[in-house]
Amino acid sequence: MIREALRLYKGKARLVRSAAQGDPVSRVLNLPRGRAGYDRYEDIRAAGDLVRGPSGLYMTASHALCGKVLRSSDFGAVPTTVSKRTLRPVGGGAGRLVHPLDDSFASIDPPEHGRLRKIVAPAFTPQAMRAQEEFVTGVVSEELERLAGQSTVDLIGEFAVRVPSRVICEMLGMPVADHELFVRWGIEFGAIVDGARTPGEVRRTRKLLTEMASYFSDLCDRRAADPGEDLVSRMVRATEAGEMSREGLVATCEALLIGGFVTTANIIGNAVVGLFDEPVQHQRFLADPAGLAATLVEETLRLDAPAQYGVRIVRAPTTLAGRDLAAGSPIVTLLAGANRDPEVFTDPHRLDLTRPNPHDHLSFAAGIHYCIGASLARLEGRIALQALFTRYPDLRIAGRVRYCPSRVIRGPAHLPVRT
Ligand code: HEM
86 MIREALRLYK GKARLVRSAA QGDPVSRVLN LPRGRAGYDR YEDIRAAGDL
136 VRGPSGLYMT ASHALCGKVL RSSDFGAVPT TVSKRTLRPV GGGAGRLVHP
186 LDDSFASIDP PEHGRLRKIV APAFTPQAMR AQEEFVTGVV SEELERLAGQ
236 STVDLIGEFA VRVPSRVICE MLGMPVADHE LFVRWGIEFG AIVDGARTPG
286 EVRRTRKLLT EMASYFSDLC DRRAADPGED LVSRMVRATE AGEMSREGLV
336 ATCEALLIGG FVTTANIIGN AVVGLFDEPV QHQRFLADPA GLAATLVEET
386 LRLDAPAQYG VRIVRAPTTL AGRDLAAGSP IVTLLAGANR DPEVFTDPHR
436 LDLTRPNPHD HLSFAAGIHY CIGASLARLE GRIALQALFT RYPDLRIAGR
486 VRYCPSRVIR GPAHLPVRT
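If you want it as structure tokens, here you go:
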């Protein structure tokens with residue numbers, strides 16, 4: 086235990102030291118949680134297309150290179166957990182804790198990846214999304230009605246999180262009454278998703294993973310006994326048919342719940358902040374919310390990627406951007422940096438609803454791991470933003486905006502507004 090704590094502290098001290106010495110890769114990895122990293126992504130861009138940090142980790146903010154890495158089978162998925170010891174069960178015992186990303190298809194390479202992804206994919210087809218439209222519209226208008234008459238309200242807690250959380254709960258067949266619990270999990274997960282680096286973070290990670298696994302294990306047992314038409318029941322059936330492991334089942338439930346609302350809420354929060362930063366665009370949007378809502382969603386995704394970066398690993402020795410890379414080398418694809426690449430987007434640091442190509446962003450990644458929930462997130466974002474500004478055209482920010490305490494997840498955690 087003490088050896089493990091020492092190892093973690095030494096790793097962190099090395100990172101802090103190289104960041105203080107100005108290494109651009111370490112400066113990104115050492116970003117304080119909740120602070121925007123855009124200036125540091127520009128330092129990476131200035132240092133080259135592919136930049137190597139002192140520990141051998143590579144980083145890129147180039148749109149072309151991020152796209153190449155994400156689409157090429159030379160690079161594989163990699164577990165988010167920095168140390169396997171993080172996944173030891175609380176209080177000792179055999180086995181290890183299930184992790185929503187490391188144990189679901191999000192971190193698995195082909196051919197296993199495609200086989201597992203196919204089990205849940207039918208719930209996210211364009212046809213399935215069209216069937217959700219009416220439900221989402223109903224949820225949005227109920228939630229907007231709740232805001233009426235309140236003087237100052239936290240738009241994130243009272244609206245942006247509630248809409249996608251109610252929708253994903255419905256899809257998974259989960260009790261929306263446990264919403265507060267899910268919101269807490271979302272915040273806690275955002276803080277540890279880039280790996281636990283101190284003994285305190287390891288403890289918090291273990292506690293969170295234990296709590297989530299116990300919740301979903303019970304839920305899956307209940308669905309096995311009393312199946313329905315929901316997505317959890319579908320995955321339970323696949324597990325019973327031997328197509329999915331029990332760990333995979335629990336992890337995929339967790340990934341869909343957390344992935345289903347945390348990042349989507351950030352489209353809404355980031356769009357509102359983005360519009361108030363750009364009064365001309367704000368007025369443009371107010372003049373035509375129905376016509377511009379889909380564009381606002383894309384431009385917000387581009388400007389403020391809710392998942393700022395991803396990681397891949399070199400599967401076999403290869404060459405990239407003129408560098409020879411050894412197998413096992415990790416590469417951080419700075420999606421939020423690629424989205425501001427001046428080679429692809431003019432005046433990239435501004436929100437611009439007249440931009441010709443906002444959808445060229447990489448916020449949902451690319452290639453085989455392209456976000457399975459992208460159409461759902463787009464649908465929810467479009468309906469929510471159109472309805473919000475139509476119902477409350479005088480919406481104003483009414484206090485300090487606080488951001489999620491995360492390096493990866495980017496979006497307000499608290500956004501006080503007056504309707
Ligand atoms: C704004 C909203 C969202 C953003 C920005 C986002 C972002 C991403 C990104 C960047 C990836 C790729 C990760 C990688 O390549 O390593 C991903 C994958 C994934 N997302 Fe999303 N996501 C969003 C919404 C959703 C929703 C609504 C769901 C589920 C209901 C979801 C579930 C997943 C899953 C399961 C994967 C793994 C896909 C695979 O590996 O094949 N996401 N997401």
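In our numbering, the protein residues as written are 86 to 504. We treat Cβ as the ideally placed atom computed from N, Cα and C, and that holds for glycine.
For the ligand HEM, any of its heavy atoms closer than 7 Å to the Cβ of residue i?
i, result
"lysine 264", "One detail in the question is off: residue 264 reads as histidine in this sequence, not lysine. Answer for histidine 264: no, Cβ out of range of the ligand HEM."
"glycine 271", "no"
"alanine 146", "no"
"glycine 458", "yes"
"leucine 155", "yes"
"alanine 450", "yes"
"arginine 247", "no"
"histidine 198", "yes"
"alanine 132", "no"
"isoleucine 87", "no"
"leucine 464", "no"
"alanine 392", "yes"
"leucine 473", "no"
"isoleucine 253", "yes"
"leucine 388", "no"
"glycine 333", "no"
"threonine 385", "no"
Out of the options, which one is the CA nearest neighbour of residue i?
i, options, result
"histidine 184", "Phe160, Arg463, Ser157 and Leu341", "Leu341"
"leucine 201", "Glu332, Ile277, Ala350 and His367", "Glu332"
"valine 502", "Pro478, Pro490, Cys489 and Phe160", "Pro478"
"alanine 350", "Phe370, Val321, Thr385 and Gln368", "Thr385"
"histidine 367", "Arg435, Ser330 and Pro402", "Arg435"
"aspartate 426", "Gly119, Arg102, Glu89 and Arg130", "Arg130"
"serine 157", "Val486, Glu465, Val399 and Asp432", "Val399"
"glutamate 227", "Cys305, Thr165, Pro211 and Pro249", "Pro249"
"tyrosine 455", "Leu114, Cys151 and Arg215", "Cys151"
"valine 505", "Asp239, Ala412 and Glu255", "Any question about residue 505 goes unanswered here, given that the chain covers just 86 to 504."
"phenylalanine 430", "Arg92, Ala149 and Leu257", "Ala149"
"arginine 387", "Arg269, Asn355, Arg99 and Gly138", "Asn355"
Specify, as a first and last residue, the run of the beta strand (DSSP E) that residue i falls within.
i, result
"threonine 403", "403-405"
"aspartate 74", "Residue coverage of the chain in this structure runs from 86 to 504, which leaves residue 74 outside it and unanswerable."
"tyrosine 143", "143-145"
"arginine 503", "501-503"
"phenylalanine 160", "160-162"
"aspartate 437", "Taken as a continuous stretch (DSSP letters only), aspartate 437 belongs to no beta strand (DSSP E), as it is neither H nor E."
Considering only the beta carbon of each residue, do residue i and residue j sit closer than 8 Å?
i, j, result
"alanine 134", "arginine 112", "Inspection of the sequence shows that residue 134 is occupied by aspartate rather than by alanine. No, Cβ-Cβ distance for aspartate 134 and arginine 112 is not below 8 Å."
"leucine 500", "isoleucine 87", "no"
"glycine 119", "serine 460", "no"
"aspartate 362", "arginine 495", "no"
"valine 382", "glycine 313", "no"
"isoleucine 482", "valine 221", "no"
"alanine 375", "glutamine 471", "yes"
"phenylalanine 274", "isoleucine 343", "yes"
"threonine 295", "valine 175", "yes"
"isoleucine 272", "alanine 498", "yes"
"threonine 380", "proline 443", "yes"
At which residues does the alpha helix (DSSP H) containing residue i begin and terminate?
i, result
"isoleucine 398", "Unbroken run through isoleucine 398 is the beta strand (DSSP E), 395-399; no alpha helix (DSSP H)."
"valine 287", "284-310"
"proline 196", "Element bounds for proline 196: n/a, residue is neither H nor E."
"aspartate 362", "331-362"
"aspartate 128", "123-132"
"valine 382", "374-388"
"proline 211", "211-232"
So, under 8 Å CB-CB, residue i and residue j are touching, yes? Tell me the CB distance rounded to an integer number of Å.
i, j, result
"leucine 316", "alanine 208", "5 Å"
"isoleucine 457", "alanine 162", "About 14 Å; that fails the 8 Å criterion."
"leucine 410", "alanine 146", "Rounded, the Cβ-Cβ distance is 17 Å, inconsistent with contact."
"threonine 40", "serine 189", "Since the first residue shown for the chain is 86 and the last is 504, residue 40 is missing from the structure and cannot be characterised."
"proline 391", "alanine 90", "Actually they are not in contact, since the Cβ atoms of proline 391 and alanine 90 sit about 33 Å apart, beyond 8 Å."
"glutamate 339", "phenylalanine 301", "6 Å"
"valine 417", "leucine 142", "7 Å"
"isoleucine 193", "methionine 320", "The Cβ separation is near 15 Å, so there is no contact."
"phenylalanine 346", "valine 246", "6 Å"
"phenylalanine 154", "methionine 144", "Rather than phenylalanine, the amino acid found at residue 154 in this sequence is valine. About 11 Å; that fails the 8 Å criterion."
"leucine 464", "leucine 229", "At roughly 16 Å, the Cβ-Cβ gap does not stay under 8 Å, so leucine 464 and leucine 229 are not in contact."
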